[in-house]
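The block underneath contains the structure these notes are about, expressed in structure tokens.
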Amino acid sequence: MRAGPRPPAEGAPASVVAEDAGYRIDRRDLVGGVSFALEPGTLTAMVGPNGAGKSTMLGLLAGDLAPSAGSVRIAGRLPGQWRPRELALHRSVMLQQATSNFGFSVAESVGMGRLPHDADPGRDRAAVEAAVAESDLAALRDRDVTTLSGGEAARVAYARTSAQQAPVVLLDEPTAALDLKHQEGLLAAARERRDEGACVVVVLHDLNLAARYADRVLVFAAGRLVADGAPADVLTEERIEAVYGQRVHILRHPTSRAPVIVPAEEVPGPGTPVRPSGGETAAGR
Ligand SMILES: Nc1ncnc2c1ncn2[C@@H]1O[C@H](COP(=O)(O)OP(=O)(O)OP(=O)(O)O)[C@@H](O)[C@H]1O
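Going by full-length UniProt numbering, the first residue of the sequence shown is number 1, and it counts up by one from there.
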């Protein structure tokens with residue numbers, strides 16, 4: 001059994017609240033006028049085109065960036081009201097560029113997620129073992145982290161976040177480097193954290209993963225929150241085209257009925273002969 005976050009008490013404050021939050025650099029609003037409240041026991045996906053402000057928003061939620069307008073509260077408190085270790089116990093963050101800790105093994109690197117906790121060898125070991133198993137890292141546990149592939153390193157970064165067992169879990173494109181099976185595994189693990197009562201926020205580019213795993217989708221465009229709601233309500237053909245400039249069709253997943261988003265443009269199928277644009281083929285010469 002994991003000793004994860006407990007379900008919230010009745011009347012507990014929302015896990016994270018952004019109120020008219022903004023972040024400005026060089027007279028440009030990277031994020032502006034964003035408001036939402038995320039409850040414990042929910043999994044929220046933040047989606048939107050490159051440069052829309054998702055990572056900046058995650059940095060604000062984490063308390064790593066100070067808003068230049070409005071406010072962001074974690075469990076009712078402003079970031080400045082947390083001591084660093086307390087904050088690390090309360091929220092875990094997986095950044096987009098997870099760095100490798102030179103000279104450490106996979107198990108040691110995952111164990112770093114336990115640093116904010118009071119050392120309790122039994123509990124720490126159990127948390128690390130659970131996180132190693134959850135991210136399918138048993139066969140790699142003694143490997144030097146600097147020798148890992150990109151996807152393996154991302155799984156270690158997620159496992160470290162998971163071992164932290166924080167009630168707020170913030171993940172920035174955690175599946176970007178992962179193969180199909182490990183993408184599903186990671187989001188299923190994130191959903192388990194949600195079921196244990198955590199507030200999970202995940203930045204995703206894959207709208208199909210967002211549609212299948214998220215309870216709620218926040219769509220960002222040009223630093224603004226342009227849609228907020230259940231995946232089927234938010235991920236419509238019109239909105240995706242407007243936000244991404246890409247025409248899509250929305251199909252339905254055969255079992256879950258979740259939206260399945262596919263680009264509208266045809267591409268040649270695998271059996272389609274590729275004709276040379278002109279002149280002779282190499283074989284015909
Ligand atoms: N330190 C900075 N100085 C200037 N501009 C920045 C800085 N950090 C981010 N930006 C810009 O702010 C915008 C939002 O960046 P952000 O990383 O939040 O976007 P994103 O939605 O996460 O994008 P992606 O999907 O490409 O990861 C981008 O245009 C980016 O170039």
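Every residue, glycine too, gets a C-beta built ideally from N, C-alpha and C.
Under a Cβ-count criterion, where at least 16 other Cβ atoms within 10 Å of its own Cβ denotes burial, should Leu43 be classed as buried or exposed?
Translated into the one-based positions of the sequence shown, residue 43 becomes position 43. The residue is buried, with at least 16 neighbouring Cβ atoms inside 10 Å.
Does the region 76 to 83 touch the region 150 to 160, meaning 3 or more C-beta pairs lie closer than 8 Å?
Judged by pairs of C-beta atoms under 8 Å, the region 150 to 160 does not touch the region 76 to 83, as fewer than three such pairs exist.
Buried or exposed: Met1, going by 16 or more other Cβ atoms within 10 Å of its Cβ?
In the sequence shown, the residue the question calls residue 1 occupies position 1. Bear in mind that a pLDDT of 41 at Met1, under 50, signals an unreliable position, so the number given afterwards is only what the model happens to contain. Classified as exposed, Met1 has fewer than 16 neighbouring CB atoms from the shown chains inside 10 Å of its CB.
Hey, would you say Leu58 sits closer than 8 Å to Val219, going by beta carbons?
Within the sequence shown, residue 58 is the residue found at index 58, counting from 1. Within the sequence shown, residue 219 is the residue found at index 219, counting from 1. It is not a contact, given that the beta carbons lie outside the stated cut-off.
Quick check: what's the CA-CA separation for Gly150 versus Ala177?
Counting from 1 along the sequence shown, the entry for residue 150 is found at position 150. Counting from 1 along the sequence shown, the entry for residue 177 is found at position 177. Going from the Cα of Gly150 to the Cα of Ala177 covers about 6 Å.
For Gly53 and Leu148, the rounded distance between their alpha carbons
Walking along the sequence shown from the start, residue 148 turns up at place 148. Walking along the sequence shown from the start, residue 53 turns up at place 53. The alpha-carbon atoms of Leu148 and Gly53 are separated by roughly 29 Å.
Let's see if you can read the secondary structure: which residues bound the alpha helix (DSSP H) around Arg239?
Residue numbering aside, residue 239 sits at position 239 when the sequence shown is read from its first letter. Counting along the chain, the alpha helix (DSSP H) containing Arg239 begins and ends at Glu237 to Tyr244.
Between which residues of its own chain and Ala230 is the CB-CB distance below 8 Å, once the five residues before and five after are set aside?
Residue 230 sits at position 230 when you count from the first residue of the sequence shown. Cβ within range, chain order: Asp215, Arg216 and Val217.
Mark Ser256 as exposed unless 16 or more other C-beta atoms lie within 10 angstroms of its C-beta, in which case mark it buried.
Taking the first residue of the sequence shown as position 1, residue 256 is located at position 256. The residue is exposed, with fewer than 16 neighbouring Cβ atoms inside 10 Å.
Can the beta-carbon of Ala126 be found closer than 8 Å to that of Leu60?
Translated into positions along the sequence shown, residue 126 becomes position 126. Translated into positions along the sequence shown, residue 60 becomes position 60. In this structure, Leu60 does not lie closer than 8 Å to Ala126 by Cβ.
Any idea what DSSP makes of Asp64, helix, strand or coil?
To locate residue 64, count along the sequence shown from 1; it is residue 64. In the structure shown, Asp64 sits in coil (DSSP, three-state: anything other than H, G, I, E or B).
Can you list, in chain order, the residues of its chain with a C-beta nearer than 7 Å to that of Ser109? Leave out the 5 residues immediately preceding and following it.
The residue you call residue 109 lines up with position 109 of the sequence shown. Cβ neighbours of Ser109 beyond the five flanking positions: Asn101, Val145, Val156 and Arg160.
Bridge partner(s) assigned by DSSP for Val47
Taking the first residue of the sequence shown as 1, we reach residue 47 at position 47. The beta-bridge partner set that DSSP reports for Val47 consists of Val219.
Taking only runs that begin and end inside the region 141 to 197, name each unbroken alpha helix (DSSP H) of 4 or more residues, in chain order.
You should have 150 to 163 and 180 to 195.
Could you spell out where the beta strand (DSSP E) holding Glu129 opens and where it closes?
Taking the sequence shown and counting its residues from 1, one reaches residue 129 at position 129. In the DSSP annotation of this structure, Glu129 is not part of any beta strand (DSSP E); the continuous alpha helix (DSSP H) holding it starts and ends at Pro121 to Glu134.
Assuming Leu171 and Ala198 are in contact, meaning their beta carbons sit under 8 Å apart, how far apart are those beta carbons, in whole angstroms?
Taking the first residue of the sequence shown as position 1, residue 171 is located at position 171. Taking the first residue of the sequence shown as position 1, residue 198 is located at position 198. Not confirmed; about 11 Å, so no contact.
What residues are listed by DSSP as bridge partners for Val110?
Counting from one through the sequence shown, the residue named residue 110 turns up at place 110. In the DSSP output, where bridge partners are listed per residue, Val110 has none listed.
Within the continuous beta strand (DSSP E) that includes Arg224, where are the two ends?
Translated into the one-based positions of the sequence shown, residue 224 becomes position 224. Note, Arg224: beta strand (DSSP E), Arg224 to Gly229.
When every heavy atom of ligand 1 is checked, does at least one fall within less than 7 Å of the C-beta of Ile25?
Residue numbering aside, residue 25 sits at position 25 when the sequence shown is read from its first letter. Set against 7 Å, the gap from the CB of Ile25 to the closest heavy atom of ligand 1 is smaller.
Best match in Glu184, Val47 and Ala62 for proximity to Val169 [C-alpha to C-alpha]
Counting from one through the sequence shown, the residue named residue 169 turns up at place 169. Answer by Cα proximity: Ala62.
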